[in-house]
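Residue numbers (this note's numbering): 432 to 554.
Ideal Cβ positions, reconstructed from N, Cα and C, are used throughout, including at glycine.
None of the values given here were measured: they were computed from a predicted structure.
See structure below.
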Amino acid sequence: MTILRPSLLRRISNSIRLSRRKRIATVDVTANGFVYSQGRKSVDVPWGDISQIDAGVRDYFTFDSFYIVVFAREKKLVIEELDDGFRQLEFAIHERWPQTRERWLQLLSVPLHQAHYETLWKR
Numbered sequence: 432m433t434i435l436r437p438s439l440l441r442r443i444s445n446s447i448r449l450s451r452r453k454r455i456a457t458v459d460v461t462a463n464g465f466v467y468s469q470g471r472k473s474v475d476v477p478w479g480d481i482s483q484i485d486a487g488v489r490d491y492f493t494f495d496s497f498y499i500v501v502f503a504r505e506k507k508l509v510i511e512e513l514d515d516g517f518r519q520l521e522f523a524i525h526e527r528w529p530q531t532r533e534r535w536l537q538l539l540s541v542p543l544h545q546a547h548y549e550t551l552w553k554r
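What follows is the structure, given as structure tokens:
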């Protein structure tokens, strides 16, 4: 049996990236999509503009974090589970694209300190 050991360098670089991102973003789900806000910047993302949804687990030094990447037109938004409104967005995505739910839940239960990334839905 092979024991996978997390990469210390990867964990440290992810933690530094998180600490540089000083503001946690906000996600507000609307009837037509969602609005992603970070600082003074807001991006309106209509459901019809979304062409792909990816998800992954990032391995930080002290914890693992789930995140999604939403591709919409020329936009690529990385939304972390620590962002305010993430759970509401999760429910809205599962309601609109029910096929994403099973794989989403499997990603949430990956072994600790093992980074993962995959496409959940693509138009």
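Proximity of residue i and residue j at Cβ, strictly below 8 Å
i	j	result
Thr-461	Asp-515	no
Val-466	Leu-508	no
Arg-554	Gln-469	no
Ile-524	Phe-502	no
Leu-551	Arg-527	no
Leu-543	Ala-486	no
Counted within 10 angstroms of its Cβ, other Cβ atoms place residue i as buried (16 or more) or exposed
i	result
Phe-497	buried
Arg-489	buried
Leu-536	exposed
Thr-433	At Thr-433, the pLDDT of 47 sits below 50, so the modelled position is not reliable and the matter cannot be decided from this model.
Glu-521	buried
Ile-510	buried
Tyr-548	exposed
Arg-499	Going by the sequence as given, residue 499 is Ile instead of Arg. Answer is buried; the Cβ neighbour count reaches 16.
Limits of the beta strand (DSSP E) - the one that residue i falls within
i	result
Ile-481	481-490
Thr-461	457-461
Gly-464	464-469
Gly-502	According to the sequence displayed, residue 502 carries Phe and not Gly. Phe-502 -> beta strand (DSSP E) spans 495-503.
Which complete beta strand (DSSP E) runs does the stretch 506-546 hold, if anything under 3 residues is left out? 506-511
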